[in-house]
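Heads up: the structure comes next, in structure tokens.
Laid out in structure tokens, this is it:
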């Protein structure tokens, strides 16, 4: 895929239940995987909810990872938001994965004015939606190997994000800059 190619992300929940959908652009690839860009103003939709992103973001797609990390530009409550999911796969210019509830989140380093009860402190990393993961295992019948892969991915990611290990070390900045440069083109 060529840099600048329009792409679509279609996430589902287990059992082919619709979840988040949004459009972006393919930015390129490096040693970490493929990078996708989502400019400020991107419409994000799922059944019953939608929002327009308030900052630029880039997402990394790895070859076989059970996760999809998104890196946010400064200005919102988190700087890293990792969806634990089945490995993402391309279907033409549409990226598909099944969201498995667990999220690994690194909070923005700046203190929030009114943080929600579930949020950690500035710069902290934590796993979110463990209760949802447990509920959906029973309700949707996640297979044991999927549960094990999701749990393992979340548990492996937390220390990597906390240690600012690559690609959680600022490697994404190059791709945020590339996204911003594309916006400046006529």
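In this note's numbering, the protein residues as written are 158 to 343. The C-beta atom is built at its ideal place from N, Cα and C for all residues, glycine as well.
Assignment of residue 332 by DSSP, reduced to helix, strand and coil, places it in the helix class. Contact between residue 217 and residue 316 fails: their C-beta atoms lie close to 18 Å from each other, not under 8 Å. Secondary structure note for residue 207: its beta strand (DSSP E) is the uninterrupted segment 206–209.
Annotation: the stretch 197–283 contains the following complete segments of the beta strand (DSSP E) (minimum length 3 residues), in chain order: 200–203, 206–209, 214–218, 224–229, 235–242, 246–248, 251–264. Our two residues, residue 292 and residue 338, have alpha carbons roughly 43 Å apart in a direct line. Per the coordinates, the alpha-carbon of residue 190 lies some 25 Å from the alpha-carbon of residue 211.
Contact between residue 178 and residue 253 does not hold, since their C-beta atoms are separated by about 10 Å, which reaches or exceeds 8 Å.
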